[in-house]
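Undergrad: To convert, count from 1 in the sequence shown and add 3; that's the numbering used here. Ideal Cβ positions, reconstructed from N, Cα and C, are used throughout, including at glycine.
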Amino acid sequence: MLLPLLLAMKLKMAVVLPILLAIVKFISLKGLIAGLMALKFSIFTVLKDLFQKKQERVTTAYITSAQPVNAEIVHQDWNRNGQAAAHELAYGAYPYGTIA
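Following this line, the structure appears as structure tokens:
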């Protein structure tokens, strides 16, 4: 009674094990190929940067003040991007102050 069960398990492992090993092999080869491609791209980028003509780099300098500058007092009705506040643009055409 036990012998057929053991033979079935042996046959099952003889079929399943190569399939599992093939899946692991495929995943590892895919990872190896991706790693080699990343290495090639990084080598290409380094070589391109080494042999490319040097370009002028732009440096930005920020001027700081000893006293704190309150920009809100100077520009109360303007946003950071230089535009008037949205409610000023939206309701500026309506003379609400004259309606009474």
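(1) Using DSSP with H/G/I as helix, E/B as strand and the rest coil, what is H78?
(2) Expressed to the nearest angstrom, what Euclidean distance is found between the alpha-carbon atoms of V77 and R60?
(3) Excluding the five sequence neighbours on either side, which residues of its own chain have a C-beta within less than 8 Å of the C-beta of V19, listed in chain order?
(4) Suppose only complete runs of 4+ residues qualify. What are the alpha helix (DSSP H) ranges in the stretch 33-59, listed by chain order?
TA: According to the structure data:
(1) Because H78 sits at a pLDDT of 47, beneath the cut-off of 50, its placement in the model cannot be relied upon, and the following sentence gives the value as read from the coordinates. Looking at H78 - three-state DSSP - the assignment turns out to be coil, as it is neither helix nor strand.
(2) Here V77 scores only 49 on pLDDT, less than 50, and its place in the model is too uncertain to base an answer on.
(3) none
(4) none
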